[in-house]
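In our numbering, the protein residues as written are 2 to 261.
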């Protein structure tokens, strides 16, 4: 096991937060977020006036979105340690995190395309802006399911010395819940559930920031306990004993087929 690689995967969540914030806020200027109630001319004027910085900001954001994959790998590996031989939750979490990264990258392209031609009709620029913001805030299902799976895995760890503190499982379930309001931004042009609203956007954004710091701290600590894992030490309870018996039976069958 390469401890440095695992540590880097764990801390890629925080690196994602930092680089995404740099691209989104000071470079692209997307926070404070402009209202979906703005007309086409106002939206187009902002995007074209800032087209160069938006392009560079989205390039940074696109690069940072790829960090979701090693971050998801780190969570999945430790979930696998908890679940044992058939890690359904770990596989779901990794799949959802990978999809989440692709969604980020895909939506960022809409902002880049919006800046590409200065002679494009304002209504088309507004359309591209809508196509970016509505799903960027509203595509929550993959993030919610992935984070919830991690929380559930933490809570199902029954060993004498769990890999993660139990409260971290409840915290991740709370994070998943706090991500959900953005789903409904498509119904609102203003107010707390619009794409620039406090409930749909700013609160989930703040929660995401805490999640991208707190989880990596404990993922990094979990790396330090990986060497102590053994087949027997990580199995507690009747179901795990049955799994050990099955593994021994598999080994016995393999040995029986070896010529003597």
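No residue lacks a Cβ here, since even glycine has one placed at the ideal position from N, Cα and C.
This one's a predicted model, so the numbers in the text were calculated from it and none came from an experiment.
*Return yes when the Cβ of residue 133 is within less than 9 angstroms of the Cβ of residue 111, no when it is not.*
In the chain shown, residue 111 corresponds to position 110, counting from 1. In the chain shown, residue 133 corresponds to position 132, counting from 1. Against a cut-off of 9 angstroms, the Cβ pair of residue 133 and residue 111 comes out as a contact.
*Compute the distance between the beta-carbons of residue 17 and residue 75, then report whether it is under 9 angstroms.*
Here residue 17 refers to the residue found at position 16 when the chain shown is read from its first residue. Here residue 75 refers to the residue found at position 74 when the chain shown is read from its first residue. Against a cut-off of 9 angstroms, the Cβ pair of residue 75 and residue 17 comes out as no contact.
*In terms of alpha-carbon separation, which member of 67, 117 and 80 lies closest to residue 99?*
Here residue 99 refers to the residue found at position 98 when the chain shown is read from its first residue. Ranking the options by Cα distance to residue 99, first place goes to 67.
*Please classify residue 147: does DSSP put it in a helix, a strand, or coil?*
Here residue 147 refers to the residue found at position 146 of the chain shown. Residue state, collapsed to three classes: helix.
_Which runs of the alpha helix (DSSP H) at least 4 residues long sit entirely within the region 9-64? Give them in chain order._
41-50
*Near residue 239, which residues of its chain fall below 6 angstroms by C-beta distance, leaving aside the five closest residues on each side in sequence?*
Numbered from 1 along the chain shown, position 238 holds the residue referred to as residue 239. Here residue 239 scores only 49 on pLDDT, less than 50, and its place in the model should not be relied on; the value that follows carries that caveat. Nothing listed; no residue qualifies.
*Examine the Cβ distances between the region 38-47 and the region 116-135 and report whether three or more of them are shorter than 8 angstroms.*
yes
*If you count every other CB in all the chains shown that lies within 10 Å of the CB of residue 82, and 16 or more means buried, which is it?*
Locating residue 82 in the chain shown gives position 81, where the first residue counts as 1. By the 10 Å Cβ count, residue 82 comes out buried.
*Check whether residue 25 and residue 58 have beta carbons under 9 angstroms apart*: Looking up residue 25 in the chain shown gives position 24. Looking up residue 58 in the chain shown gives position 57. Cβ distance < 9 angstroms, so residue 25 and residue 58 count as in contact.
*Considering only residues of the region 187-225, which uninterrupted alpha helix (DSSP H) runs meet the minimum length of 4 residues and lie entirely inside it, listed in chain order?*
204-224
*Which term fits residue 80, buried or exposed, when burial requires 16 or more other beta carbons within 10 angstroms of its beta carbon?*
As a working note, residue 80 is residue 79 in the chain shown. It counts as buried.
*State the CB to CB distance for the pair residue 11 and residue 224, rounded to an integer number of angstroms; the pair is presumed to be in contact (CB under 8 angstroms).*
For the purposes of this step, residue 11 is taken as the residue at position 10 of the chain shown. For the purposes of this step, residue 224 is taken as the residue at position 223 of the chain shown. Correct: roughly 6 angstroms between the Cβ atoms.
*Over what stretch of residues does the alpha helix (DSSP H) that includes residue 96 continue unbroken?*
Against the chain shown, residue 96 aligns to sequence position 95. Unbroken alpha helix (DSSP H) run through residue 96: 89-115.
*Helix, strand or coil: how does DSSP classify residue 231 here?*
Within the chain shown, residue 231 is the residue found at index 230, counting from 1. For residue 231, the pLDDT reaches just 48, beneath the cut-off of 50, and the residue's location in the model is therefore unreliable, although a value from the coordinates is still provided. Coil, per DSSP.
*Under the rule that 16 or more other beta-carbon atoms within 10 Å means buried, what is residue 228, buried or exposed?*
As a first step, residue 228 is located in the chain shown; it is residue number 227 there, counting from the start. With fewer than 16 other Cβ atoms within 10 Å, it is exposed.
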